[in-house]
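For the protein sequence lines, the chains are R and B, in the order given.
Anchor point for the first sequence: position 56 equals 59 in our numbering, and the numbering is continuous, going up by one each time.
Anchor point for the second sequence: position 134 equals 137 in our numbering, and the numbering is continuous, going up by one each time.
Let me begin by presenting the structure, written as structure tokens, before commenting on it.
There are 2 protein chains.
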Amino acid sequence: MMDIAVCGAFADEQVARLREGAGDIPVRLMEAESDCDSAIVFGNPEPGKVAANPNLRWLQLESVGFGEYAGLDWKRGHGETLITNLAGFFADPVAESALAGILALYRGIDRLVLLQAGKQWLGDPLRTHLRVLRGARVVLFGYGAINRRLAELLAPFGCAITPITRDGIAGLDKALAEADLVVCTAPATPATSGLFDAVRLANLPPGAIFCNFGRGSILEEDALADALERGRLGGAVIDVTRDEPLPAGHRFWTCPNIILTQHSGGGTTDELDRKIGVFLANLACFRAGTPLEGIVDFSRGY
Amino acid sequence: MMDIAVCGAFADEQVARLREGAGDIPVRLMEAESDCDSAIVFGNPEPGKVAANPNLRWLQLESVGFGEYAGLDWKRGHGETLITNLAGFFADPVAESALAGILALYRGIDRLVLLQAGKQWLGDPLRTHLRVLRGARVVLFGYGAINRRLAELLAPFGCAITPITRDGIAGLDKALAEADLVVCTAPATPATSGLFDAVRLANLPPGAIFCNFGRGSILEEDALADALERGRLGGAVIDVTRDEPLPAGHRFWTCPNIILTQHSGGGTTDELDRKIGVFLANLACFRAGTPLEGIVDFSRGY
């Protein structure tokens, strides 16, 4: 008898919705670190528990990233096992958070918030420090759902946009040399690890803004901290870091002109409800034998 | 002999540019409070000095607002005197500042900046407090250059936009009752004075966001402070206030979820250079006897 294990901080009404959607298939709650022998799992349990599940036929992750699960030998242990992720799910909120951070730097919102906290009126002298995003030259490194959505949001700003895909990394350095703004949303792969190092950041024009909404491993963090402290770069918006939470002594806490969004970029009030919606839609496909959305291709690494 | 008086904090190279652009017409620098008998004036001198200028033929203001000058009896004293303002000049920066403030509230940038100042990592619990702007119902009160530009910037967000012009104020209350976001850019006129009072703000749905980039007189500030402190409204972005600088004891300093942009919305690094460009372009028209840009119509009040 097939059953479904769901792993997450679901409210009662969300469990009820899952049970209603599952119909005659029993739904049980599991902890991330629990043993599990369910054929269908929704959530991100510990990878070891996933690997040890003899009955698993389909794992619906509640994330886009699946690096923790990539080491499991799926082909051998689970010949027919499917893994689906939430590719594209976070495009709207992350693209909006990226634009929010970028516009905050251009229009001084970060500085204004701190002035306000100190009940300090600066007024007119602020004005000459502000820039407009209109017409900026933008490099979008990684061109999946998030940066494609960001390109849509940037369209009315009349920016000159250069998307760089994984096949176009050879053109990255030339593009960076003429960029006012770089937004990384690329996944963590061997090709992107440490890609934005001191040499590559030095290739950006003075005053450029660097944003990372991909993975922390893409960036050499000390190199960015150096460039911000020296004033060579104009600012940074950083959603992802190598260690999260950011360690207490990390230089990013005190760098000038950096906005740390604390890996909140994908968040929305209805995030978990929307994830349940994706799972239930895929469940209907699974039962009908039709293709699921978001099937992970481990060979691509993302 | 006609001459030009320029009033502003011009750098040497800006004065040189003005002189080069003026050709054979002498350019002299004036203080705002100085007597002036020049035929052409660029800048915002004291209104009394403008009224007392017997030779004035054209005043190019360096602002959009001209309320201080509206009381002068132009028709009687200066039958042929033209006044031009910078209508449309600030559309890009103000629309970008408005969107920056709005996205900051939707995506938690204000809160993140304060967390960062305290070196505090909150991370995941932030996510469920964040909203997306996509699909929001937006009322644009005042539909001149700034809100038209904002409507362009909002286009890819798929917002339902209701513009309210001065002829459409009768429809304001109905529109407010269904608005997630209101952005005011209307000028200070008798019709807009105190328009956003407690009754009208109470008409907004719970959690709505109110923005004022028009004039401080449009808003009853205590009513907004009440609504924010009670949590009835979701936030506010306020560029203009009745008193600027904002007085030390003003409630806005400590209201929750308010972003004060300190009348910086129109600012850019090249603001004064661009203003000089507008003046010189109008000067060419003035000398050629062709129509100037931005001629003020006192009968409309803006």
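Think of the CB as a built atom: it goes at the ideal place given N, C-alpha and C, for glycine as much as any other residue.
Buried or exposed by the 16-neighbour rule on C-beta atoms within 10 Å, applied to residue i
| i | result |
| --- | --- |
| Thr244 of chain B | buried |
| Val202 of chain R | exposed |
| Ile298 of chain R | exposed |
| Arg79 of chain R | Model confidence at Arg79 of chain R stands at a pLDDT of 45, short of 50, so the residue's coordinates are unreliable and nothing is read from them. |
| Lys177 of chain B | exposed |
| Leu32 of chain R | exposed |
| Asp273 of chain B | exposed |
| Gly11 of chain R | buried |
| Glu223 of chain R | buried |
| Glu36 of chain B | exposed |
| Ser41 of chain B | buried |
| Arg110 of chain R | buried |
| Gly269 of chain R | buried |
| Ala148 of chain B | buried |
| Arg303 of chain B | exposed |
| Ala211 of chain B | buried |
Cβ-Cβ separation, residue j to residue i (assumed contact under 8 Å), whole Å
| i | j | result |
| --- | --- | --- |
| Ile308 of chain B | Ala194 of chain B | In this structure chain B extends from 4 to 305, so residue 308 of chain B is not present and cannot be described. |
| Ile112 of chain B | Gly104 of chain R | 6 Å |
| Asn150 of chain R | Val186 of chain R | 6 Å |
| Ala154 of chain R | Leu143 of chain R | 6 Å |
| Phe213 of chain B | Leu236 of chain B | 6 Å |
| Ala101 of chain R | Arg140 of chain R | Their Cβ separation, rounded to whole angstroms, is 16 Å, which puts Ala101 of chain R and Arg140 of chain R out of contact at 8 Å. |
| Arg106 of chain B | Leu106 of chain R | In the sequence as presented, Arg is not what sits at residue 106 of chain B; that position holds Leu. Right, the Cβ-Cβ distance comes to about 6 Å (below 8 Å), so this counts as a contact. |
| Gly24 of chain R | Leu283 of chain R | 4 Å |
| Phe301 of chain R | Ala73 of chain R | 6 Å |
| Glu71 of chain R | Gly126 of chain B | Glu71 of chain R to Gly126 of chain B, Cβ: 18 Å. No contact. |
Collapsed DSSP secondary structure at residue i in the structure displayed
| i | result |
| --- | --- |
| Cys258 of chain R | coil |
| Leu175 of chain R | helix |
| Phe93 of chain R | coil |
| Ile149 of chain B | helix |
| Thr165 of chain R | strand |
| Cys39 of chain B | coil |
| Arg22 of chain R | helix |
| Gly280 of chain R | helix |
| Arg79 of chain B | A caution first: Arg79 of chain B carries a pLDDT of 45, below 50, which makes its placement in the model too unreliable to give a value. |
| Gln63 of chain B | strand |
| Thr87 of chain R | strand |
| Ile28 of chain R | coil |
| Val240 of chain B | strand |
| Gly46 of chain B | strand |
| Arg233 of chain R | coil |
| Arg110 of chain B | helix |
| Arg130 of chain B | helix |
| Ala8 of chain R | strand |
| Val135 of chain R | coil |
| Asn58 of chain B | coil |
| Leu222 of chain B | strand |
| Asn285 of chain B | helix |
| Phe301 of chain R | coil |
| Phe213 of chain R | strand |
Cα-Cα separation, residue i to residue j
| i | j | result |
| --- | --- | --- |
| Ala163 of chain R | Gln119 of chain R | 34 Å |
| Ala14 of chain B | Arg218 of chain B | 30 Å |
| Val44 of chain B | Gly145 of chain B | 30 Å |
| Val97 of chain R | Ile167 of chain B | 31 Å |
| Leu55 of chain R | Asn285 of chain R | In the sequence under discussion, the amino acid at residue 55 of chain R is Ala, which differs from the Leu named in the question. Going from the Cα of Ala55 of chain R to the Cα of Asn285 of chain R covers about 23 Å. |
| Leu231 of chain B | Ser267 of chain B | 22 Å |
| Thr293 of chain R | Gln265 of chain R | 38 Å |
| Ala8 of chain R | Leu179 of chain R | 46 Å |
| Ile28 of chain R | Leu21 of chain R | 10 Å |
| Gln123 of chain B | Ile241 of chain R | 15 Å |
| Asn88 of chain B | Val281 of chain B | 10 Å |
| Asn215 of chain R | Lys52 of chain B | 54 Å |
| Asp95 of chain R | Leu108 of chain B | 16 Å |
| Ile221 of chain B | Leu295 of chain R | 53 Å |
| Asn260 of chain B | Gly174 of chain R | 43 Å |
| Ala239 of chain B | Val116 of chain R | 13 Å |
| Pro190 of chain B | Gly234 of chain B | 28 Å |
| Thr188 of chain B | Leu75 of chain B | 25 Å |
| Ser1 of chain B | Arg169 of chain B | With chain B represented from 4 up to 305, any question about residue 1 of chain B goes unanswered, as that position is not in the structure. |
Heavy atom of the ligand NAP within 7 Å of residue i beta-carbon
| i | result |
| --- | --- |
| Gln63 of chain B | As for the ligand NAP, it is missing from this structure, which has no ligand bound. |
Does the segment 127-136 of chain B come close enough to the segment 131-140 of chain R that 3 or more CB-CB pairs lie under 8 Å?
Cβ pair count under 8 Å is below three, so no.
I want to know whether the segment 215-230 of chain R touches the segment 246-260 of chain R - three or more CB-CB distances under 8 Å.
As far as the Cβ criterion goes, the segment 215-230 of chain R touches the segment 246-260 of chain R, which means the pair count is three or higher.
Any contact between the segment 281-298 of chain B and the segment 53-65 of chain B? By contact I mean 3 or more CB pairs, one from each, below 8 Å.
Per the Cβ contact rule, the segment 281-298 of chain B is in contact with the segment 53-65 of chain B (3 or more Cβ pairs under 8 Å).
For the segment 47-55 of chain B against the segment 64-76 of chain B, do three or more pairs of beta-carbon atoms, one drawn from each stretch, fall closer than 8 Å, so that the two count as touching?
In short, these stretches touch, since the Cβ pair count reaches three.
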